[in-house]
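Protein chains in written order, with the working numbering: chain G, 1 to 257; chain F, 1 to 257; chain W, 1 to 257; chain L, 1 to 257; chain E, 1 to 257; chain Z, 1 to 257.
Don't be surprised by glycine CBs; every beta carbon is placed ideally from N, CA and C.
All values derive from a computational prediction rather than experimental measurement.
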């Protein structure tokens, strides 16, 4: 099984770390590649206008790789481009962190909180949670006051903030499960689980493991993405005539397993 | 990894068939056992009062096996006893068909229909779908006019009915994904997929594969069920003093791998 | 008119008290019996797995008494087994505390809070309130930090806690009506009303009085429970063949008027 | 116990009939009066601008009678003026047909349809059903193509239409309970129940019986309307200074028991 | 273009001020008249029973003026009589503050808070916000502890309270936009915007400007109010026969431009 | 006042037509420019992956023009890039067809249907309608079986289809208002209104007129877009350092007034 993780940002800084986490967390036999974008792309996606700069890349990458990989993961907790990428993924499964972490939260407890970087993020993330149907279980979205590039820069500080807000989410807001609301909040969930005593869902692992599962069940049981109604792909004739999704592969930085 | 499938009915008639499906569908290394209930239990759960007769069994079995198995699956599309069993499952994951099939439907398409046996079933099943948060994507619940024991008794008729209602669900109601709304509707999803052209989620396989996934991630990442607030288990002291969950294991029919 | 109150626990400790409250609160001509369960049943239902141990009893009692009583009340604020019991109640009305108290709250004010025993209870009770359609009016569920057996053990303490949390529910959370979220919180509503100045709905009286009303209107106007679709009862043939709902009556402790 | 039924229209044509139904349906000891409005008021309330012409009357009557009656019923299925009348009802209970019939529907089945006079009515009535929290159970609102003054004018025709649409609501739309969506659809529910086999809630009886219940429990248990927050009444000082709610009693046609 | 502003209270005290605001805020070519009610009407509408006293006036004024004005604005943040007036407005547009301010809030930000006079008001206003579909964006309704007649009586105090609660709404509750929840909170939005730094929607200007827009587009594009189904007007024959909507014009105080 | 209409497709085919409609529909003094995208962009946006190809352009154009125009309109009924463009619009208002047409529908009637090109479109458009809060009023989304480039190619056929589905939406589905669910369905609303008799909202005019209104009120009353929380723009420092939003203006086809 082959899975592609997209870091939809114009920096390869996180590719190796995330690649290592995925390899360590994968089943035997799963091969994981990571791809990030050209340098002229935003280095993080905290702003929605930055997301706008990378959606085409996510779709291009998905289209170009939909036969090479069994599943593709969009590595941003805004789940940016999920609907758009799924449309052109052919038989490949596409997953994303927010939707996937909510599956875990709903199987492991009755309620959850999301620990996000900044208040800025809450508006869209809350809309996503409600859009996916999980609004009832949402206790709170607690901002850490940290940006994407802060999380790994000063890990002690990040951990302290996560523990502090995580405890409040559990004790004050009533969360039974915690979700880390950014893929770059990786590497903290174990300590948090030990100290707080509730499951803490990592935004890298959750969508990856669901991708792995769904890639397996696609092949075994034919549970490929629907291609009906809203999931209908664009016509190949138009794609060819208009020259769409042709961005050179070399534009993207592939880190292959 | 060890998984226990509960057929929460007073007949072992389906145990072998389901056991075989699970074994064939499992990852290498997964061991699957099946258990069904004593003969004085209802032979199906189409009536809610019948469900009432087996909830205690589901909880007893879960409590007694929560250290022997990594995950336990409740084999009824009403998801009977899911909250109750999860409370006493310790570190074992508990899954059930309705919640699990909805995860598949939401990852593979924008909308879905459920093909149920009788109109009788719709009221509670619809409430479950809405309760899990997936009401927006529900196009229809279409009854086949068949009971639990009819599905495998005349497979040709069942298949004809499934194809007929499945096509209507897609073409008239707008479903992008179909769900088979009873565990005993097993063995039909592949033909349906071939003929109708949309993914058809089987109610046996879906909760089993999610159980397998979540058992793996529990062990690997510590994502065990929350034991906080609403997920808090009963006190061991009370259980012991009151002699709860002590039903003799021999009451149940275990079919071990 | 004859009404049966089910105390669905393995203790008769509360039967007389509740019987007395009901008799005092009944219309002239209403006869009230109380039944509790065998000693091997849980002594309270704070845990959902405990509920699982008594659902069959609730259904058995309902089935066996549906011609002897005009209405049956399930005496637990989780409304445990309500759907299941209603299915086999024949022409008898079945009511339960949560649904009934919400009727009162919605007729007497625009918003309400529920004073529950422990945070543990909130998850399911909130789901029930939302499921019944009253989510919009719910200001808060405030836990008292007391268990079912504490409420009457130290009545002064209970009353102090109820007044404290009740006042906060009104003043801070905006509740116009208070609901006591456990049948064993009986005997406090009058003092609370005097001191806090809003209606305080008792979880014993509310479902009983609605049972009394609906039993009257069933007879007078033919408003018996629907037996269509989701309310269809199981087939008598199956019940007989499978020997269901046959638990010996002597298993249960009837306190007759 | 004394209950006042308001026919909020400028005709006394229905007063006697409704008075008789109420007397026949009341408990022993209940005294029922009926009041209708001055002749210059609309003769029916099918239009919302007509409702606007009578809201002041409903409030005036409620204010002037809130010490003379234990409960007051607003006799229009739009529940016109319910919030406004409740504000000035003092210790008297105020009920109305839509809210009350929904209580019955939700206790007697899982789903319901409302049989209304004209499509015109549906928009506001549906909004009310959703506003009260019962949207999930609503299968359909089926118009009969009849106006308020048609229902009793040609009873055979009305009955035929009710049976026809009622059957469709049950068989096609899935309703387990039927509600008659106008107080002037009185006198049909019994035949409908006999012929269709599901409970049929009459819009006169339902709010009256709930008024009777709540008047009883107000006195017995102190469950009077909340007077807090949104239920706070206007200041008596202002009422007096501004001369409000002073409409002469003789303006209204009281039919006393 | 001619627009009529209704001050639905029994005092002309605010007519000139509001008239001036409207004239200053109008497009060139727009003519604005203001009308208020007879002296025996309530001087404010904080109580719902007071609203009941003026709904007929609002409908009468709308009916009598629906050919003289292109649009009519109901000047109370409860949006009192909006459905009723729209029914008889013919080709004239009818707008009201709550619905209109929500349009602004949803175009200018993701979330909003409403600054209301008293807690009393919140229950109905919140119901309106939810009824219009904007519940998701509502962060809070913060009461100022001031009545309608306080706002302009001590403007310094009002401004201090508005700034205080407005800042809390933004900083604590997460509002991106503020709405002034009473038409008599006029004259404060500019200072608030300067000091708090978010858009502050004035309840006089918002419905007026939408009225102006919709009057323009009615004429230009034929976008007049629907007269179908729930928007169907009453029959002219009935209106004439029953003598409805005939209140003498001289009853009302018109302040013409 | 200056307004920019973005035709977010790689063809200028519709620019003049839409420009003319806007000029004819504008107030005196409004200047309207139209811009479309480079030829390598998709010629329509029926597929979500096509939307992904143009979001960056929409954001670039918005960023580059936010001081030159008072308002910017995104000309696609998917409202593609609305959140993203609003973030970088500075003081300029950004509107889009779906959100704007819903404002009209909600002011002109109680319910509405949307006439879309293909079933494919419904999934996302319905999600948008629900996301904006207007789900309750949505009667139906009826597909015409026509693509974006068909609407103007055979206008007789389009009109016939629109009349046919529009009538069904009104008569069968209960719509009081119709919305044309594509900007290229321009030029039909007047005939439809004449023939069907309900308001028909054009997807070009609605967002343009709201843009015009909000540009006016921004300047007059300071009602500029919020820049707080979720509406906070990206940091200028990052934009400059990373060279974002710098696409050459000459890439885009501006049709200036």
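Please report the Cβ distance between residue 116 of chain L and residue 181 of chain L, rounded to the nearest whole angstrom; I am assuming they are in contact, meaning their Cβ atoms lie under 8 Å. As a working note, residue 116 of chain L is residue 116 in the fourth chain. As a working note, residue 181 of chain L is residue 181 in the fourth chain. The Cβ separation is near 4 Å, so the contact holds.
Does the pairing of the region 211-220 of chain G with the region 93-106 of chain G give three or more beta-carbon distances under 8 Å? Below 8 Å, enough C-beta pairs join the region 211-220 of chain G and the region 93-106 of chain G to call them touching: three or more.
Candidates Z/189, Z/46 and Z/179: which alpha carbon is nearest residue 273 of chain Z's? The structure shown does not extend to residue 273 of chain Z, since chain Z is modelled only from 1 through 257, so no value can be given for it.
Relative to the C-alpha of residue 4 of chain F, which candidate in F/249, F/69, F/59 and F/188 has its C-alpha closest? Working through the second chain from its first residue, we reach residue 4 of chain F at position 4. Ranking the options by Cα distance to residue 4 of chain F, first place goes to F/69.
Indicate whether the contact test is met: 3 or more Cβ pairs, each with one atom in the region 78-89 of chain Z and one in the region 221-231 of chain Z, closer than 8 Å. Output reads yes: the region 221-231 of chain Z touches the region 78-89 of chain Z.
Look at residue 37 of chain G and residue 252 of chain G and say whether their C-beta atoms are less than 8 Å apart. On the first chain, residue 37 of chain G is found 37 positions in, with the first residue counted as 1. On the first chain, residue 252 of chain G is found 252 positions in, with the first residue counted as 1. With respect to the 8 Å criterion, residue 37 of chain G and residue 252 of chain G are classified as neighbours on the basis of their beta carbons.
Verify the CB distance criterion: does residue 202 of chain L have a CB-CB separation below 8 Å to chain W? Against the fourth chain, residue 202 of chain L aligns to sequence position 202. Yes - at least one Cβ of chain W is within 8 Å of the one on residue 202 of chain L.
Residue 150 of chain W versus W/13, W/54 and W/72, residue with shortest Cα-Cα distance: For the purposes of this step, residue 150 of chain W is identified with residue 150 of the third chain, where counting begins at 1. Comparing C-alpha distances from residue 150 of chain W to each of W/13, W/54 and W/72 shows the shortest one belongs to W/13.
Can you name the start and end residues of the alpha helix (DSSP H) that residue 56 of chain G belongs to? In the first chain, residue 56 of chain G corresponds to position 56, counting from 1. Following the DSSP letters along the chain, one finds residue 56 of chain G inside the alpha helix (DSSP H) bounded by residues 48-65.
Residue 204 of chain G, DSSP secondary structure in three states: In the first chain, the residue the question calls residue 204 of chain G occupies position 204. The three-state reading of DSSP puts residue 204 of chain G in coil, since its state is none of H, G, I, E or B.
Check residue 74 of chain W in the structure and name its three-state DSSP category. What you label residue 74 of chain W is simply residue 74 of the third chain in a count that begins at 1. The answer is strand: DSSP assigns residue 74 of chain W an E or B state.
I need the boundaries of the alpha helix (DSSP H) containing residue 112 of chain F, first residue and last residue. Taking the first residue of the second chain as 1, we reach residue 112 of chain F at position 112. Per DSSP, residue 112 of chain F belongs to no alpha helix (DSSP H); it is in the beta strand (DSSP E), 112-116.
Under 7 Å from the C-beta of residue 123 of chain G: neighbouring residues of chain E: In the first chain, residue 123 of chain G corresponds to position 123, counting from 1. Within 7 Å Cβ-Cβ: 110 and 111.
Report, in whole angstroms, the separation of the C-beta atoms of residue 1 of chain F and residue 25 of chain F, which I expect to be a contact under 8 Å. The residue given as residue 1 of chain F occupies position 1 in the second chain. The residue given as residue 25 of chain F occupies position 25 in the second chain. Taking a contact as a CB-CB distance under 8 Å, the pair residue 1 of chain F and residue 25 of chain F does not count as one, their CB atoms being some 14 Å apart.
Tell me which same chain residues have a C-beta within less than 7 Å of the C-beta of residue 27 of chain G, skipping the five on either side of it? Your numbering for residue 27 of chain G matches position 27 in the first chain. Excluding residues up to 5 positions away in sequence, 212 lie with their Cβ nearer than 7 Å to the Cβ of residue 27 of chain G in the same chain.
For residue 21 of chain E, tell me which candidate among E/204, E/225, E/257 and E/236 has the shortest Cα-Cα distance. What you label residue 21 of chain E is simply residue 21 of the fifth chain in a count that begins at 1. Ranking E/204, E/225, E/257 and E/236 by Cα distance to residue 21 of chain E puts E/204 first.
Cβ-based neighbour list, residue 167 of chain Z, same chain, cut-off 7 Å, excluding 5 preceding and 5 following: Taking the sixth chain and counting its residues from 1, one reaches residue 167 of chain Z at position 167. If we look at residue 167 of chain Z and ignore the five residues flanking it on each side, its Cβ neighbours are 196.
Is the Cβ of residue 161 of chain F closer than 8 Å to any Cβ of chain Z? Indexing the second chain from 1 puts residue 161 of chain F at position 161. No, because no Cβ of chain Z sits closer than 8 Å to the Cβ of residue 161 of chain F.
Residue 135 of chain F versus residue 174 of chain F - alpha carbon distance: Numbered from its first residue, the second chain carries residue 135 of chain F at position 135. Numbered from its first residue, the second chain carries residue 174 of chain F at position 174. In this structure, the straight-line span from the alpha carbon of residue 135 of chain F to that of residue 174 of chain F is close to 14 Å.
Below 8 Å between beta carbons: does that hold for residue 112 of chain W and residue 54 of chain W? Looking up residue 112 of chain W in the third chain gives position 112. Looking up residue 54 of chain W in the third chain gives position 54. Between residue 112 of chain W and residue 54 of chain W, the C-beta spacing is not below 8 Å.
Using a Cβ-Cβ distance under 8 Å, would residue 101 of chain Z count as near chain G? Against the sixth chain, residue 101 of chain Z aligns to sequence position 101. No, residue 101 of chain Z does not count as interfacial toward chain G.
Would you say the beta carbon of residue 88 of chain E is closer than 7 Å to some non-hydrogen atom of the ligand MG? Of the ligands one can find in the structure shown there are none, so the ligand MG has no counterpart to examine.
Can the beta-carbon of residue 131 of chain G be found less than 8 Å from the beta-carbon of residue 131 of chain Z? By 1-based counting over the first chain, the position of residue 131 of chain G is 131. By 1-based counting over the sixth chain, the position of residue 131 of chain Z is 131. Against a cut-off of 8 Å, the Cβ pair of residue 131 of chain Z and residue 131 of chain G comes out as a contact.
Extent of the continuous beta strand (DSSP E) run through residue 173 of chain G: By one-based count along the first chain, residue 173 of chain G stands at place 173. Unbroken run through residue 173 of chain G: none, as it is neither H nor E.
Is the CB-CB distance between residue 59 of chain W and residue 52 of chain F below 8 Å? The sequence position of residue 59 of chain W within the third chain is 59, counting from 1. The sequence position of residue 52 of chain F within the second chain is 52, counting from 1. With a cutoff of 8 Å on beta-carbon distance, residue 59 of chain W and residue 52 of chain F are scored as near each other.
Closest to residue 34 of chain W by C-alpha separation, out of W/240, W/15, W/245 and W/41, would be which residue? Residue numbering aside, residue 34 of chain W sits at position 34 when the third chain is read from its first letter. When the alpha-carbon of residue 34 of chain W is set against those of W/240, W/15, W/245 and W/41, the nearest one is in W/15.
Relative to the C-alpha of residue 79 of chain G, which candidate in G/248, G/207 and G/236 has its C-alpha closest? In the first chain, the residue the question calls residue 79 of chain G occupies position 79. Measuring from the Cα of residue 79 of chain G, the nearest candidate turns out to be G/207.
Under 9 Å Cβ-Cβ, which residues of chain G neighbour residue 130 of chain W? Working through the third chain from its first residue, we reach residue 130 of chain W at position 130. Within chain G, the residues near residue 130 of chain W are 136.
Would you mind working out which of G/129, G/72 and G/118 sits nearest residue 99 of chain G, comparing C-alpha positions? Along the first chain, read from residue 1 onward, the residue named residue 99 of chain G stands at position 99. Measuring from the Cα of residue 99 of chain G, the nearest candidate turns out to be G/129.
Starting from residue 108 of chain Z, trace the alpha helix (DSSP H) both ways and give me its first and last residue. Along the sixth chain, read from residue 1 onward, the residue named residue 108 of chain Z stands at position 108. Taken as a continuous stretch (DSSP letters only), the alpha helix (DSSP H) holding residue 108 of chain Z covers 97-108.
First through last residue of the alpha helix (DSSP H) which encompasses residue 27 of chain Z: Here residue 27 of chain Z refers to the residue found at position 27 when the sixth chain is read from its first residue. For residue 27 of chain Z, there is no enclosing alpha helix (DSSP H), as DSSP marks it with neither H nor E.
Which residue wins for smallest C-alpha separation from residue 49 of chain F, given the options W/47, W/123, W/62 and W/161? Counting from 1 along the second chain, the entry for residue 49 of chain F is found at position 49. For residue 49 of chain F, the nearest C-alpha among the options comes from W/62.
What number of angstroms, rounded off, separates the C-alpha of residue 186 of chain L from the C-alpha of residue 101 of chain W? Counted from its first residue, the fourth chain places residue 186 of chain L at position 186. Counted from its first residue, the third chain places residue 101 of chain W at position 101. Counting only the Cα atoms, residue 101 of chain W lies some 29 Å from residue 186 of chain L.
In chain L, which residues lie less than 8 Å from residue 142 of chain E when you measure between Cβ atoms? In the fifth chain, counting from the first residue as 1, residue 142 of chain E sits at position 142. Against residue 142 of chain E, chain L offers no close residue; the least beta-carbon distance is about 14 Å (beta-carbon pairs closer than 8 Å).
When burial is assigned at 16 or more other CB atoms within 10 Å of the CB, is residue 236 of chain W buried or exposed? The residue labelled residue 236 of chain W in the question sits at position 236 within the third chain. When all chains shown are included, residue 236 of chain W counts as exposed.
Does any residue of chain L have a CB that is nearer than 8 Å to the CB of residue 104 of chain W? Against the third chain, residue 104 of chain W aligns to sequence position 104. Yes, its Cβ sits closer than 8 Å to a Cβ of chain L.
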